Ligand code: ADP
């Protein structure tokens, strides 16, 4: 597999990022990495080491919490994401977000997917919205299972795995450049997990995916590159097979071999 960095400029560049929560927790320490187009980058490492925090900084989701302090520089397509002229909701729209626990809205399947494009004015007529809904549900491999129940079933009526694919369809509905997934298979069964992993493999052909996972096997199956976090530091980042077979960092090597975490 070609290295993403060989042939493309990064989508995002993160330089010397530090983040402190209001209680003084220093959750990210001098973290630097690039994110490339059409790659899946997995964040791995023990619990509490900053993986979710690093994910949230990318779409400025951490700003919902009080007294969080960030230093360092994050750019997207070369522009500082914290610049005064960047509108946080508009910035956030460039990302899809998939949480660990499927969280469909308590509304019809159709409305779950149409919601984003409608409120952002990306599709104006009902016919345009129909096209977006079908396209996203097809991309999430859910269309065939739900096409006859778009309006008479709620998202919450679906099985756990279907709900997660609905949430992925919803995340795709605003045509994001980057998909952020925070342990997306952490609460679904192995068959549903395999479906989501196949989906990630397909989606990364068109956009960048950043995936937080506790599963080493999952990172190895789906990620092009892996970043190992430890106590807020990004200790090592590199091509997946290299990290799994020959990580330079002793902590990364020990974690991957199951010695702790
Ligand atoms: P991971 O995703 O690797 O499990 P997190 O990014 O969730 O790690 O957490 C990193 C550190 O920041 C941990 O010490 C955690 O307790 C702390 N933390 C996370 N969220 C908050 C918060 N909202 N307020 C205070 N501390 C937090």
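Residue numbers (this note's numbering): 0 to 260.
Built from N, CA and C at the ideal position, the CB exists for glycine as well.
In this text the structure is predicted, and so the values were computed from the model without any measurement.
For residue 22, the Cβ falls inside the 7 Å cut-off from some heavy atom of ligand 1. Under DSSP, residue 109 shares a beta bridge with no residue. Taken in chain order, the complete alpha helix (DSSP H) segments of 4 residues or longer contained in the segment 47-97 are 50-57, 87-91.
Assigned with DSSP and collapsed to three states, residue 17 falls in strand. At least one heavy atom of ligand 1 sits closer than 7 Å to the Cβ of residue 50. The beta carbon of residue 26 sits closer than 7 Å to at least one heavy atom of ligand 1. Within the same chain, Cβ atoms closer than 6 Å to the Cβ of residue 139 are found at 164, 167, 168, the five residues on either side in sequence being excluded.
Contact annotation, residue 244 with residue 219: C-beta distance approximately 10 Å; criterion of less than 8 Å not satisfied.
Annotated three-state conformation of residue 227 is strand, per DSSP.
When rounded, the separation of the alpha-carbon atoms in residue 230 and residue 254 is 13 Å. In terms of CA proximity to residue 53, 69 leads the group 171, 69, 65.
Where residue 181 is concerned, the enclosing beta strand (DSSP E) starts and stops at 177-181. Shown here, residue 25 sits in a strand according to DSSP, grouped into three states. No heavy atom of ligand 1 is found nearer than 7 Å to the CB of residue 104. In the displayed model, residue 145 falls within a helix according to three-state DSSP.
For residue 242, no beta strand (DSSP E) run applies; the uninterrupted alpha helix (DSSP H) run containing it begins and ends at 239-245, by DSSP.
Boundaries cannot be given for residue 7, as no beta strand (DSSP E) includes it and DSSP labels it neither H nor E. Under the 8 Å Cβ criterion, the segment 207-219 counts as touching the segment 34-42, having at least three qualifying pairs. In this structure, DSSP gives residue 235 an extended state, which the three-state scheme calls strand.
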